[in-house]
Amino acid sequence: MDNILECANLSKIYKNAIALSGVNLQIKKGRIVGLLGPNGSGKTTLIKLANGLLTPTMGDILIDGKPIGVETKKIVSYLPDHNFLTGWMTVNQMIEYFSDFYSDFNPDRADKMLESLGIDRTKKIKTLSKGTKEKVALILVMSREAELYLLDEPIAGVDPATRDYILRTIIANYNENATIIISTHLIADVEQILSDVVFINHGDIVLCDTVDNIRENEGKSVDELFREVFRC
Amino acid sequence: MLKKLYKHEFHSLFRSLLPIWAALIGFAALSRLTFLTDLENDVLDMVRGLSVTAYIFAIIAVFIVGLVIVVMRFYKNLLTHEGYLTFTLPFTPTQHIVCKLVCGAVVIIIDFIIVIGSLLILGAGTEVLGEILDAVKLTITVLPEYLSVGQIALISSEIVLLLLLAPLQSLLMFYAAMALGQQFKNKVGGAAISYICLYAAVQIITSLIMIPIAFVGAGGMEEFNNLINNSVMYLEVFLAFMIVYSALLSAIYFIITRHFLTKKLNLE
Amino acid sequence: MSWSFSNDKPIFQQLVDIITLKIISGEYPAGSKLEAVRELAVVAGVNPNTMQRALTQIESTGLIFTKRGDGRYVTEDEEKITEAKTDYASGKVRLFIESLKALGLNDEEILKAVNNELGR
Chain U
676 MDNILECANL SKIYKNAIAL SGVNLQIKKG RIVGLLGPNG SGKTTLIKLA NGLLTPTMGD
736 ILIDGKPIGV ETKKIVSYLP DHNFLTGWMT VNQMIEYFSD FYSDFNPDRA DKMLESLGID
796 RTKKIKTLSK GTKEKVALIL VMSREAELYL LDEPIAGVDP ATRDYILRTI IANYNENATI
856 IISTHLIADV EQILSDVVFI NHGDIVLCDT VDNIRENEGK SVDELFREVF RC
Chain A
6 MLKKLYKHEF HSLFRSLLPI WAALIGFAAL SRLTFLTDLE NDVLDMVRGL SVTAYIFAII
66 AVFIVGLVIV VMRFYKNLLT HEGYLTFTLP FTPTQHIVCK LVCGAVVIII DFIIVIGSLL
126 ILGAGTEVLG EILDAVKLTI TVLPEYLSVG QIALISSEIV LLLLLAPLQS LLMFYAAMAL
186 GQQFKNKVGG AAISYICLYA AVQIITSLIM IPIAFVGAGG MEEFNNLINN SVMYLEVFLA
246 FMIVYSALLS AIYFIITRHF LTKKLNLE
Chain S
466 MSWSFSNDKP IFQQLVDIIT LKIISGEYPA GSKLEAVREL AVVAGVNPNT MQRALTQIES
526 TGLIFTKRGD GRYVTEDEEK ITEAKTDYAS GKVRLFIESL KALGLNDEEI LKAVNNELGR
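Residue numbers (the working numbering), protein chains in the order written: chain U, 676 to 907; chain A, 6 to 273; chain S, 466 to 585.
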């Protein structure tokens with residue numbers, strides 16, 4: 676089994692809008708994949724379907740060959756596009772929560788990152804600034820030794836220094852057999868850590884290739900190609 | 006691992022409930038203290054009045070706030086932004102529903118125990134408490150004259166079963182309404198409308214079923230000589246029916262909740 | 466800070482160029498040990514797979530070599546480094562001459578200009 680994520684004819688239709696229309700996609704193990712598209716293109720819908728937070732209208736989605744369920748949730752580490760931590764818990768309690776439920780959670784890793792960022796672990800989540808909350812969320816998610824990381828807009832709305840820290844954290848914690856899928860519309864910032872890119876627009880996969888191929892064949896960066904493909 | 010799910014559920018519920026329970030016990034104890042003396046004193050009267058009022062409000066708070074906390078916990082933890090974490094934990098939606106249900110029912114049962122406990126504190130050493138105890142003793146001694154041991158055992162276990170089913174049924178009705186409401190654009194409004202519809206439907210169906218049963222009961226009453234025997238039998242059957250009915254409704258609510266959280270989950 | 470990359474070439478090729486340059490310039494001295502792939506990737510701010518690919522490519526030129534179970538080292542063979550330096554210089558000079566020729570300068574004019582600059 677080479678593919679960590681497989682979608683076959685995957686569709687999601689909301690009451691009055693098509694979010695995904697017949698997506699076919701295979702993502703291999705051991706890659707860092709950029710899921711790129713403008714706002715409202717279907718990125719978040721695809722990631723939520725992979726987490727079982729939405730149910731497909733049609734088609735199939737498999738993770739490590741299995742339908743979404745307890746077994747896939749054990750190996751998927753998910754960073755939603757907005758705060759998902761419990762406000763009344765302290766950072767320490769949040770860590771305990773993660774290590775109670777995810778057997779792949781590595782507390783040492785979380786300790787190191789919290790320390791290097793100087794985050795007060797006794798503080799309640801709701802008292803932290805927006806930026807610190809995002810950092811804590813990323814630390815929790817990246818402290819798991821998961822097989823698939825699904826990061827939804829991890830760098831949107833953070834300052835350049837934090838963006839750098841986040842990308843560094845992602846590279847430093849990822850192991851060769853794991854796959855990371857990063858959804859974003861800020862391509863220039865992530866391009867150099869990606870091995871593959873998937874362009875998505877209006878719920879359709881427009882392009883799916885390696886970054887090296889794009890640069891070699893097109894003679895331009897993914898960012899430039901993106902601007903061309905999605906020119907308004 | 007499932008144990009940890011219950012651990013965190015209880016932790017989250019008790020966090021908000023313990024202060025209310027403590028307040029209830031505290032006001033009961035304070036009220037009891039103010040009754041220790043017969044001194045006529047304006048200040049004492051005022052303290053007595055205030056603490057008894059506070060106690061009464063605390064009883065209401067324990068039941069209402071207790072229920073609100075349990076219902077809100079389900080909503081917040083599963084259907085708002087917290088649901089992103091809850092539903093990505095390695096558990097099935099069914100496990101989440103059962104966990105919330107069991108913990109919620111335990112909270113409601115503790116509510117009752119705490120209220121009874123506070124009443125005992127309030128009545129400790131007073132004549133009222135003694136009279137109540139006497140009445141209970143009397144009932145226990147007199148009952149066997151009218152009912153056989155088997156009848157007592159059956160009826161009391163039926164009552165216990167009904168009392169245990171009641172919190173499950175009412176919680177599951179809230180859960181089903183919230184699971185249905187999640188399908189609407191406005192989740193809270195959708196849940197409220199779903200609750201009202203469920204409530205109305207159950208009321209209508211219950212009335213339709215209860216009317217013939219009431220007639221059967223009335224028929225039994227005509228035979229005045231056998232009143233006791235018949236009504237005991239009637240009570241036994243009626244309670245059994247109530248248990249089955251309550252269990253059936255609970256099961257339907259559970260299936261609705263499970264269906265919408267498993268097959269139709271839409272966290273937007 | 467991450468290394469900077471241009472838009473027109475694959476990142477792994479740019480990594481090859483940057484690391485080769487660091488060896489030629491002595492920033493990575495002959496015989497010294499290189500950081501592990503992941504650390505290098507973090508420093509450069511690139512995908513570890515890409516860094517791996519770049520290092521393998523440089524390895525095939527002999528500028529770096531792997532000691533079994535002990536990571537990668539810069540070659541101790543000074544001659545190889547000099548060779549790489551010469552290659553790099555000729556490459557740069559070739560590009561430079563091409564660009565001047567495109568402007569219409571002939572060999573003599575170019576040579577004169579170079580000598581002038583060097584003589585200063």
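We treat Cβ as the ideally placed atom computed from N, Cα and C, and that holds for glycine. Since we're looking at a predicted model, the values are computed, not measured.
Given that a residue counts as buried once 16 or more other Cβ atoms are within 10 Å of its Cβ, and exposed if not, what is residue i?
| i | result |
| --- | --- |
| GLU228 (chain A) | Summary for GLU228 (chain A): the model assigns pLDDT 49, below 50, so the residue's position carries little reliability; its value from the coordinates is reported in the next sentence. Looking at its Cβ environment, which holds fewer than 16 other Cβ atoms inside 10 Å, GLU228 (chain A) is exposed. |
| TYR204 (chain A) | exposed |
| TRP26 (chain A) | buried |
| PRO755 (chain U) | buried |
| ARG533 (chain S) | exposed |
| LEU568 (chain S) | exposed |
| PRO217 (chain A) | exposed |
| ASN512 (chain S) | buried |
| ALA129 (chain A) | exposed |
| CYS108 (chain A) | buried |
| LEU7 (chain A) | exposed |
On the DSSP bridge assignment, give the partners of residue i in chain order.
| i | result |
| --- | --- |
| ASN909 (chain U) | Outside the displayed span of chain U (676 to 907) sits residue 909 (chain U), for which this structure offers no information. |
| PHE780 (chain U) | U:ARG819 |
| ASP735 (chain U) | U:ALA683 |
| SER255 (chain A) | In DSSP, SER255 (chain A) forms no bridge with anything. |
| TYR824 (chain U) | U:SER752 and U:ILE855 |
| ARG537 (chain S) | S:THR531 |
| GLN701 (chain U) | U:GLU681 |
| LYS799 (chain U) | U:THR765 |
| GLY709 (chain U) | U:ILE857 and U:VAL872 |
| ASP884 (chain U) | U:VAL872 |
| LEU729 (chain U) | A:ASN271 |
Can you name, in chain order, every residue of its own chain whose Cβ lies under 6 Å from the Cβ of residue i, other than the five neighbours on each side?
| i | result |
| --- | --- |
| TYR849 (chain U) | ILE855 |
| THR747 (chain U) | ILE738 and LYS741 |
| LEU908 (chain U) | Only positions 676 to 907 of chain U appear in the structure, and residue 908 (chain U) is not among them; the question remains open. |
| GLN522 (chain S) | VAL481 |
| LEU815 (chain U) | PHE773 |
| ARG784 (chain U) | SER818 |
| LEU729 (chain U) | LYS723 |
Once the 5 residues before and after residue i are set aside, which same chain residues still bring their CB inside 8 Å of it?
| i | result |
| --- | --- |
| THR42 (chain A) | LEU49 |
| ARG796 (chain U) | THR765, VAL766, ASN767, ILE770 and LEU789 |
| LYS798 (chain U) | THR765 and VAL766 |
For chain S, check one thing: does any of its Cβ atoms lie closer than 8 Å to the Cβ of residue i?
| i | result |
| --- | --- |
| SER818 (chain U) | no |
| SER870 (chain U) | yes |
| GLN867 (chain U) | yes |
| GLU891 (chain U) | yes |
| GLY894 (chain U) | yes |
| ILE794 (chain U) | no |
So, under 8 Å CB-CB, residue i and residue j are touching, yes? Tell me the CB distance rounded to an integer number of Å.
| i | j | result |
| --- | --- | --- |
| ASN726 (chain U) | VAL751 (chain U) | 7 Å |
| LEU185 (chain A) | PHE92 (chain A) | That pair is no contact at about 17 Å. |
| PHE759 (chain U) | GLU87 (chain A) | 7 Å |
| ALA506 (chain S) | ILE546 (chain S) | Not a contact, Cβ separation roughly 24 Å. |
| LEU823 (chain U) | THR844 (chain U) | That belief does not hold up - the Cβ atoms of LEU823 (chain U) and THR844 (chain U) are roughly 17 Å apart, past 8 Å. |
| THR540 (chain S) | GLY556 (chain S) | Wrong, their Cβ atoms sit about 20 Å apart, outside the cutoff. |
| LEU170 (chain A) | SER251 (chain A) | 4 Å |
| LYS687 (chain U) | THR720 (chain U) | 5 Å |
| ALA181 (chain A) | ILE74 (chain A) | At roughly 19 Å, the Cβ-Cβ gap does not stay under 8 Å, so ALA181 (chain A) and ILE74 (chain A) are not in contact. |
Does any residue of chain U bring its CB to less than 8 Å from the CB of residue i?
| i | result |
| --- | --- |
| GLN522 (chain S) | no |
| THR515 (chain S) | yes |
| PHE189 (chain A) | no |
| ARG503 (chain S) | yes |
| VAL481 (chain S) | no |
| ASN271 (chain A) | yes |
| ILE484 (chain S) | no |
| ALA506 (chain S) | yes |
| VAL511 (chain S) | yes |
| TYR89 (chain A) | yes |
| MET6 (chain A) | yes |
State yes or no: is the beta carbon of residue i nearer than 8 Å to at least one beta carbon in chain A?
| i | result |
| --- | --- |
| LYS748 (chain U) | yes |
| LEU728 (chain U) | yes |
| ASN617 (chain U) | Since the displayed chain U opens at 676 and closes at 907, residue 617 (chain U) lies outside it and no answer follows. |
| PRO829 (chain U) | no |
Below 7 Å CB to CB, which residues in the same chain sit around residue i once its five sequence neighbours on both sides are set aside?
| i | result |
| --- | --- |
| LEU84 (chain A) | MET183, GLN187 and LYS192 |
| VAL70 (chain A) | ILE25 |
| THR64 (chain A) | The residue asked about is misnamed: residue 64 (chain A) is Ile in this sequence, not Thr. Counting only Cβ-Cβ distances below 7 Å, and skipping sequence neighbours, we find LEU29 and VAL120. |
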